[in-house]
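*Asks:*
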Amino acid sequence: MSTMRSPNPAMSSQFLSINLEQLTMTTNQSCVLLQQNRGLARISRPAVFLDRDGVVIDNCDTYVRHPSDVTFLPGVIDAVRKLSERRDVVIVTNQSVIGRGFVPAETILEIHQSIVDSLIAGGADITGSVICPHDPSSRCTCRKPEPGMLIAASQAWGCQLEGSWMVGDALTDIQAGAAVGCQTMLVRTGRGEYQEHATRLSHPECVVVPSLLVGVDRLLADPTNAKS
Ligand SMILES: [Mg+2]
Ligand SMILES: [Zn+2]
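Just so you know, UniProt numbering puts 27 at position 27 of the sequence shown, and the rest follows in order with no gaps.
(1) Let me make sure I understand the geometry here. Which of Leu109, Thr172, Ala121 and Ala156 has the alpha-carbon closest to that of proline 136?
(2) On the DSSP letters alone, give me the boundaries of the alpha helix (DSSP H) that isoleucine 115 sits inside.
(3) Three Cβ pairs or more, each shorter than 8 Å: is that satisfied between the segment 119-136 and the segment 90-98?
(4) My output table needs one value for glutamine 36: the three-state DSSP class, helix, strand or coil.
(5) Among residues of its own chain, excluding the 5 on either side of aspartate 53, which ones have a beta-carbon nearer than 7 Å to its beta-carbon?
(6) To the nearest angstrom, how far is the alpha carbon of arginine 42 from that of glutamine 195?
(7) For cysteine 132, which beta-bridge partners are listed by DSSP?
(8) Suppose contacts are defined by Cβ-Cβ distances below 8 Å. Is isoleucine 111 in contact with proline 67 by that definition?
(9) Does DSSP put isoleucine 57 in a helix, in a strand, or in coil?
(10) Which same chain residues, not among the five before or five after alanine 156, have their C-beta less than 6 Å away from its C-beta?
(11) From the DSSP output, in three-state form, read off aspartate 88 for me.
(12) Any heavy atom of ligand 1 closer than 7 Å to the Cβ of aspartate 51?
(13) Any chance the CB of cysteine 142 is under 7 Å from a heavy atom of ligand 2?
(14) Would you say isoleucine 77 lies against chain D (beta-carbon separation less than 8 Å)?
(15) CB arginine 86 to CB glycine 123, shorter than 8 Å?
(16) Of the choices Gln183, Ser118, Arg100 and Pro104, whose alpha-carbon is the least far from that of glycine 168?
(17) Hey, how far is the Cα of glycine 181 from the Cα of isoleucine 174?
(18) Cβ of cysteine 159 within 8 Å of Cβ of valine 90?
(19) Between which residues of its own chain and leucine 23 is the CB-CB distance below 7 Å, once the five residues before and five after are set aside?
(20) Just verifying my parser: in three-state terms, what is the DSSP assignment at leucine 150?
(21) With a CB to CB cut of under 8 Å and the five nearest residues on each side skipped, what residues in its chain are close to valine 56?
(22) Taking just the CA atoms, how far does leucine 220 sit from valine 48?
What follows is the structure in structure tokens.
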């Protein structure tokens, strides 16, 4: 993988402005793609898709609206670094707080980029992020449980959906992954503890783990589909 990763704020802002432009230009059927690895060529291999809230950072029932709402779950920065040494990592997150009009898109994208910058500063290599900004009533095709964000990542960056993993703390994450043939993993952090029963019932193949930290070890114990 390229070592051209940069927490450089200027570069982050550039990506943000490009994607904000896309956001304002597109209809409610498009999600927002943020490519975080500048040196990325199309990867053409399976990836690991991570939900963000409840998996990487604390879930916030009233949405992550401010930088002070961001708390990384224990061990996560190290876990994502380890994971990204072996797999391509893409974050896929529903942020209907934008579409509901609660917080400007710029603010939410800046908060998101600061989360990614912290992961990168911790040594992780994040391929990119896909954000669904829509209100549920818009019936977009990207808001999980729809798989549109995974499809968008595969189209933009070449992630092969078959053989990829989707890791989330909600049944809707698992549904999105399963819909496009990903292997699925539920973490018991965030909403996971409360979603476990329904998830096990509808998706008995889903792997359930206490945290991303444990899940990453589990995933990396399987040598298939590692980065080449
Ligand atoms: Mg979540
Ligand atoms: Zn959407």
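Yeah, the Cβ is synthetic: ideal placement off N, Cα and C, and Gly gets one too.
*Replies:* In short:
(1) Thr172
(2) 105-121
(3) yes
(4) coil
(5) Asn59, Cys60, Val64, Thr93 and Gly190
(6) 34 Å
(7) Asn94
(8) yes
(9) strand
(10) Leu33
(11) strand
(12) yes
(13) yes
(14) Although the question refers to chain D, the structure presented lacks it and comprises just one protein chain.
(15) no
(16) Gln183
(17) 11 Å
(18) yes
(19) The predicted position of leucine 23 is uncertain, since its pLDDT is 44 and thus under 50; a value taken from the coordinates is nonetheless stated next. So the qualifying residues of the chain are Val32, Ala105 and Pro133.
(20) helix
(21) Leu50, Phe72, Leu73, Val76, Val80, Ile91, Ile115, Leu119 and Leu212
(22) 11 Å
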